[in-house]
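In our numbering, each residue's number is its place in the sequence shown (first place is 1) plus 59.
Glycine included, C-beta positions come from ideal geometry on N, C-alpha and C.
Treat the numbers as computed from the prediction; the structure is a model and nothing was measured.
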Amino acid sequence: MAAPSPRPIAAIRLDGGRLCIDFVNTIHDRFAAIAEDYLATPGRYEEWARRAGALDPGEEILLPRPGEETARLMSDIRGLRDALHVLLTAWIDNIAFPADALRTANDWLLCARSDQVLASDGQLLLSGRRGDALVPLKRVALDLVDTLAMAREGAFKLERCANHGSCGWLFADTSKNKQRRWCSMQTCGAISKMAALRQRSAMAHPAGAS
Numbered sequence: 060m061a062a063p064s065p066r067p068i069a070a071i072r073l074d075g076g077r078l079c080i081d082f083v084n085t086i087h088d089r090f091a092a093i094a095e096d097y098l099a100t101p102g103r104y105e106e107w108a109r110r111a112g113a114l115d116p117g118e119e120i121l122l123p124r125p126g127e128e129t130a131r132l133m134s135d136i137r138g139l140r141d142a143l144h145v146l147l148t149a150w151i152d153n154i155a156f157p158a159d160a161l162r163t164a165n166d167w168l169l170c171a172r173s174d175q176v177l178a179s180d181g182q183l184l185l186s187g188r189r190g191d192a193l194v195p196l197k198r199v200a201l202d203l204v205d206t207l208a209m210a211r212e213g214a215f216k217l218e219r220c221a222n223h224g225s226c227g228w229l230f231a232d233t234s235k236n237k238q239r240r241w242c243s244m245q246t247c248g249a250i251s252k253m254a255a256l257r258q259r260s261a262m263a264h265p266a267g268a269s
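So this is what it looks like as structure tokens:
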């Protein structure tokens, strides 16, 4: 059976509430037997970066040609994404950040900070070499710092989707009572509610009952 076609980037949900979380969530059904990587190619990486806001309007990046440089870019994408997933879930679980993931994040932060400049309006801007294909990853790393700072201040609560079977997505819970359970009510929320409804129905009408 032929493998299913990858879903269009335009159809990918951005439910995380923060750039770094949406980046971590670019694996569909992280804990499924066969997970879908939304960023499986450099072209999809660039398209996602534009949609998610990791590239400014009109900002251009130069993607590497197939070969060792492409393999290095894909390794960078996967490495940062895995590290951020480890760090964000450690925060949610209130445990110390694992050293390897912390080292990876700090390496990216050093790389991003070296490209920051102070603009005339007093804002820090990312201003690396023209066409730098790593710009979206640097913005993701910088957003991690802001995300953790805002979570620490109580602007939102970092959470994982309550669909523990396969989803694995994270999100910033900005709801009034911080009681959001699912990455999206339209997907995991609906699935969970339907499963609960079927379970209640089965208990109320057991098979073979007269």
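| message | By the three-class DSSP mapping on this structure, what secondary structure does I68 have? | response | helix
| field | Residue environment, G75, which counts as buried when at least 16 other CB atoms sit within 10 Å | value | buried
| said: Using 8 Å for Cβ pairs, my map puts R198 next to L78. What's the rounded Cβ distance? | reply: Indeed, because the Cβ distance is near 7 Å, the residues count as touching under 8 Å.
| task | Could you check the C-alpha separation between R124 and G224 for me, to the nearest Å? | result | 38 Å
| query | Since A160 and A142 are thought to touch, with beta carbons under 8 Å apart, how far apart are those beta carbons, to the nearest angstrom? | reply | Approximately 4 Å separates the beta-carbon atoms of A160 and A142; this is inside 8 Å, confirming the contact.
| said: For a test of the three-state rule: what should DSSP assign to A255, helix, strand or coil? | reply: In this predicted model, A255 has a pLDDT of only 49, less than 50, meaning its place in the structure is not dependable; the value taken from the coordinates is given anyway. Helix at A255.
| request: Rank L196, D180, G187 by C-alpha distance to the C-alpha of S173 and give the top, closest one. | output: It is G187.
| query | Among W228, C242, K216, W241, which residue has its Cα nearest to the Cα of K235? | reply | Residue K216 is the option with its Cα nearest to K235.
| message | Looking at E218: is its Cβ nearer than 8 Å to the Cβ of I151? | response | yes
| task | Compute the Euclidean distance between the alpha carbons of R300 and G126, then round it to the nearest angstrom. | result | As shown, the chain starts at 60 and ends at 269. That puts residue 300 outside it, with no answer to give.
| field | Under 8 Å between C-beta atoms of R140 and V83 | value | yes
| said: Taking 7 Å as the cut-off, is the beta-carbon of L78 closer than that to any non-hydrogen atom of the ligand ADP? | reply: Among the ligands in the structure shown, none appear at all, so the ligand ADP cannot be discussed.
| task | Alpha carbon to alpha carbon, how far is R103 from P65? Give it in angstroms, no decimals. | result | 10 Å
| Under the three-state reduction of DSSP, which class applies to Q175: helix, strand or coil? | strand
| said: With the cut-off set at 8 Å, would you say D88 and C242 are in Cβ contact? | reply: No, the Cβ-Cβ distance between D88 and C242 is not below 8 Å.
| said: Going residue by residue through the stretch 150-206, where are the continuous alpha helix (DSSP H) segments of at least 4 residues, counting only ones entirely within it? | reply: 158-172
| request: Find out if the Cβ-Cβ distance for the pair A200, A164 is shorter than 8 Å. | output: Contact flag set, yes.
| said: I'd like the list of long-range same chain contacts for P195, defined as Cβ closer than 7 Å, with 5 residues on each side in sequence excluded. | reply: A108, A113, L114
| field | Assigned secondary structure, E106 (DSSP; H/G/I helix, E/B strand, else coil) | value | In the structure shown, the three-state DSSP call for E106 is helix.
| If you check the beta carbons only, do D191 and I120 fall under 8 Å apart? | yes
| task | Tell me whether the beta-carbon of G229 lies closer than 8 Å to the beta-carbon of L146. | result | Here residue 229 turns out to be Leu, not Gly, going by the sequence shown. No; because the gap between Cβ atoms is not below 8 Å, this pair is not in contact.
| Exposed or buried, what is I136 when buried is set at 16 or more other beta-carbons lying within 10 Å of its beta-carbon? | buried
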